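Worksheet: one structure, shown below.
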Amino acid sequence: MNVKQIRQRIFDQMDYFPDLQQYKDSVVRRMNDRYQELCDSAHWLWIQKQEDLRLDGDVTGGSGKTITVSASNHRKVTASGFSFSLQMEGQILKDTTDNKEYTIVRVESATRLYIHMGFDGAKDTALTDFKIEMNRFPLPDDCIEVLSYTDRKNDRGKLLFISNPMQERVYLDFDNTGDPSCIIENEFVLDDPPLGYDIRGQNKVFSAQTVSSGGSFFAALRNGVTYGYKYTIYREGRESPPSDEVTVTIPDSGQFSVVLEGMDDTGFYDGTSSKTSKSGMIKLVYRRDITIDGKWELIGSVKSNDTTFTDSTLVRTDVFDAGYPNQELSDFAYTDSTEVKRFQEVGPKQYIKVWYRPTEKAKLEMRYHFRPKNLEADNDVPVIPVQYHVILVYLTLHDMFLQMQDMAQAQIFEGRAELMKQQMRRRYLARDDEPKRFTRFDRPRRFRNLFGPPTSDFSGAN
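Numbering (this note's numbering), first residue to last: 113 to 574.
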């Protein structure tokens, strides 16, 4: 069942359907609360993912590897003789002449990045006295809890995972390098949401308005439709929580674009100009078709020192900066519908450290409990196995009847939901320890063992 069908079943049980958008949204919010609660309650088999975790080694400057800091922007660094990678976002650029450290805010391309403050060393000069330290590694945005790390390349198997207090007690020396054999949990980081106004434009608040657009666009914005917009700030490989949503309705006739104004100016003042310079902190813009209860989708990005964005087309066909981990470099374009990035509710970003620290690129296989995206569009389908979708009906009704103080009805639906939870636990948490043995149907009965280790030995099958 999709969201619309689940919502309709709830209305059927309530025998009440006012056909108000506010009421529909309220029911979907309750549904999402119970949905996330259910998915988080156990390590269900259907709520687990396997992904490769990339670990990069440090980069040390030398005669063939140099960096140059721009004299016009002391936060912009370019590379020669090697390439920057998006895995460097959030890592440390160290000036080894004075051991001063700078956090890498954004890797804009293979040869250009931005740091969090002005570089104190020489400008417009090729520098070899530097080091990029890969101190910690981010986990996926939807990761709730890691269940295992496995090193298959070096045949180490499942790696040891320890807490931060434990590594402090045993005092692991992170100066040691080699093949990673131990994973250590690290901090959780959550950035501040956007201010929601442009301090450069006399505190102009985030807003949207339509403007008539000339020319032709591939898949122009639809007439008579209400769109919602919000944006996040992207820095150090992380997205901030979103801004408040603004809405705008496209007129019934004509071709129109939507202009968003009043975004945060995330550039910096260098003290020599009244305008801000690029800092690398971009804004990611999301759009939703409210008329059809659509999904939140990424439609573009805004440079750090820009505060406006123009939305002219339903499908973004040109190249834009989409942020890690959508692409290996900053230039990204939608080439088919499977690449559309949906908004993932933002929570604290998890990091890990590894010991030994890698000296070169390494790859670990990680299995983790993921957080599903919220159910937003009418055609969104929960990740729960289809035969158990009705549990969201029971859980939501239990919540609604509790609010109405109808304890009898609330207990009925609570009991139904608990019964389905028990069935789910037996099927998706417990597993039969005795492996089944499959055999040929034409084998004589005396050789048809139903249990035991799988085999391809068909001796006696005649």
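Note that beta-carbon positions come from the ideal geometry of N, C-alpha and C, so glycine has one too.
Keep in mind that this is a model prediction, so the values were computed, not measured.
Worksheet item: Under the three-state reduction of DSSP, which class applies to Gly379: helix, strand or coil?
Response: If DSSP states are grouped into helix, strand and coil, Gly379 belongs with coil.
Worksheet item: Are the Cβ atoms of Gly340 and Arg248 separated by less than 7 angstroms?
Response: No, Cβ-Cβ distance for Gly340 and Arg248 is not below 7 angstroms.
Fill in: DSSP-derived helix/strand/coil call for Thr551
The predicted model places Thr551 with a pLDDT of 48, which falls under 50 and marks its position as unreliable; any figure quoted below should be read in that light. Looking at Thr551 - three-state DSSP - the assignment turns out to be coil, as it is neither helix nor strand.
Worksheet item: Which value, in whole angstroms, describes the spacing of the CA atoms of Cys294 and Gln134?
Response: Their Cα atoms are separated by approximately 50 angstroms.
Practice prompt. Taking only the alpha-carbon atoms, compute the straight-line gap between Lys235 and Lys188 and give it to the nearest angstrom.
Written response: Their Cα atoms are separated by approximately 10 angstroms.
Fill in: Cβ distance (whole Å) where Glu409 is taken to contact Arg454 below 8 angstroms
Contact flag correct, Cβ pair sits at about 6 angstroms.
Worksheet item: When burial is assigned at 16 or more other CB atoms within 10 Å of the CB, is Leu302 buried or exposed?
Response: Around the beta carbon of Leu302, a 10 Å sphere encloses fewer than 16 other beta carbons of the protein chains shown; the residue is thus reported as exposed.
Item to complete: Report the residue from Asn417, Phe444, Val466 and Lys475 whose alpha carbon sits nearest the alpha carbon of Asp430.
Response: Closest by alpha carbon: Phe444.
Worksheet item: Straight-line CA distance for Gly202 to Glu348?
Response: So the two alpha carbons sit approximately 4 angstroms from each other.
Fill in: C-beta contact flag for Arg479 and Asp254 at 7 angstroms
Taking 7 angstroms as the Cβ cut-off, Arg479 and Asp254 do not qualify as a contacting pair.
Worksheet item: Is the beta carbon of Thr378 less than 7 angstroms from the beta carbon of Ile345?
Response: Result yes, Cβ atoms of Thr378 and Ile345 sit closer than 7 angstroms.
Worksheet entry | Anticipated Cβ contact below 8 angstroms, Leu239 with Gly176, distance rounded | The pair is not a contact, with the Cβ atoms about 13 angstroms apart (cut-off 8 angstroms).
Worksheet item: Quick one: is Tyr283 buried, meaning 16 or more other Cβ sit within 10 Å of its Cβ, or exposed?
Response: Counting Cβ neighbours within 10 Å, Tyr283 comes out exposed, since fewer than 16 surround it.
Worksheet item: Between Ser424 and Ala320, which are expected to be in contact by the criterion C-beta below 8 angstroms, what is the C-beta distance as a whole number of angstroms?
Response: Contact between Ser424 and Ala320 is absent: CB atoms are separated by about 13 angstroms, not below the 8 angstroms threshold.
Practice prompt. Determine the contact status of Gly237 and Thr471, defining contact as a CB-CB distance below 7 angstroms.
Written response: Looking at the sequence itself, residue 237 is Thr, so the reference to Gly does not match. No, they are not a contact pair.
Fill in: Ile118 beta carbon near the ligand ADP (any heavy atom closer than 6 angstroms)
Because no ligand of any kind appears in the structure shown, any question about the ligand ADP cannot be addressed here.
Worksheet item: For Pro460, is the classification buried or exposed, using 16 other Cβ atoms within 10 angstroms of its Cβ as the cut-off for buried?
Response: Counting other Cβ atoms within 10 Å of its Cβ, Pro460 stays below 16 and is therefore classed as exposed.
Discussion item. Out of Leu531, Met536 and His510, which one is the CA nearest neighbour of Arg126?
Written reply: Note that residue 126 corresponds to Met in the displayed sequence, not to Arg. Relative to Met126, the option among Leu531, Met536 and His510 whose CA is nearest is His510.
Item to complete: Would you please state the rounded distance, in angstroms, between the beta carbons of Glu245 and Asp170? I believe it to be under 8 angstroms.
Response: The Cβ separation is near 5 angstroms, so the contact holds.
Practice prompt. Identify which residue in Leu198, Gln199 and Glu213 has its Cα closest to the Cα of Leu205.
Written response: Cα-wise, what sits closest to Leu205 is Glu213.
Worksheet item: Should Glu451 be labelled buried (16 or more other beta-carbon atoms within 10 Å of its own) or exposed?
Response: Label assigned to Glu451: exposed.
Fill in: Arg166 beta carbon less than 7 angstroms from that of Lys475
In this structure, Arg166 lies closer than 7 angstroms to Lys475 by Cβ.
Practice prompt. Let me know if Asn486 comes out buried or exposed under the rule of 16 or more other beta-carbons within 10 Å of its beta-carbon.
Written response: By the neighbour-count rule (16 or more Cβ atoms within 10 Å), Asn486 is buried.
Worksheet item: Tell me, which residues are paired with Ser386 by DSSP?
Response: When DSSP reads this structure, Ser386 sits in no beta bridge, so it has no partner.
Worksheet entry | Rounded straight-line distance, which links the Cα of Phe129 to that of Phe123 | Cα to Cα, Phe123 sits roughly 6 angstroms from Phe129.
Fill in: Proximal residues to Ser365 (C-beta, below 7 angstroms), its chain only, five neighbours per side dropped
If we look at Ser365 and ignore the five residues flanking it on each side, its Cβ neighbours are Asn335.
Fill in: Nonlocal neighbours in the same chain, by C-beta distance under 6 angstroms from Glu351, ignoring five residues either side
These residues qualify, in order along the chain: Thr344 and Val458.
Worksheet item: So, are the CB atoms of Asp310 and Thr419 less than 7 angstroms apart?
Response: Contact flag set, yes.
Discussion item. Output needed for Arg537: all residues of its chain with C-beta closer than 8 angstroms, excluding positions within five of it in sequence on either side, in chain order.
Written reply: Excluding positions up to five away in sequence, the list reads Ala154.
Worksheet item: Of the choices Phe273, Thr208, Lys316 and Ala522, whose alpha-carbon is the least far from that of Asn583?
Response: The chain is shown from 113 up to 574; residue 583 falls before or after that span and cannot be answered.
Worksheet item: Relative to the C-alpha of Glu163, which residue among Asp232, Leu251, Ser195 and Met143 is closest?
Response: Ranking the options by Cα distance to Glu163, first place goes to Leu251.
Item to complete: Count the other CB atoms, across all protein chains shown, that sit within 10 Å of the CB of Arg281; report buried if there are 16 or more and exposed otherwise.
Response: With fewer than 16 Cβ atoms within 10 Å of its Cβ, Arg281 is classed as exposed.
Practice prompt. Taking only the alpha-carbon atoms, compute the straight-line gap between Met516 and Ala222 and give it to the nearest angstrom.
Written response: Cα to Cα, the separation comes out at about 58 angstroms.
Worksheet item: Within this structure, are the beta carbons of Lys407 and Met375 separated by less than 7 angstroms?
Response: The answer is no: Cβ separation not under 7 angstroms.
Discussion item. Quick check on this structure: which residue in Ile118, His481 and Met393 has the alpha carbon closest to the alpha carbon of Gly304?
Written reply: The sequence shown places Asp at residue 304, rather than the Gly named in the question. Looking from the CA of Asp304, the closest CA among Ile118, His481 and Met393 belongs to Met393.
Worksheet item: What separation, rounded to the nearest whole angstrom, lies between the Cα atoms of Val397 and Gln521?
Response: In this structure, the CA atom of Val397 is about 43 angstroms from the CA atom of Gln521.
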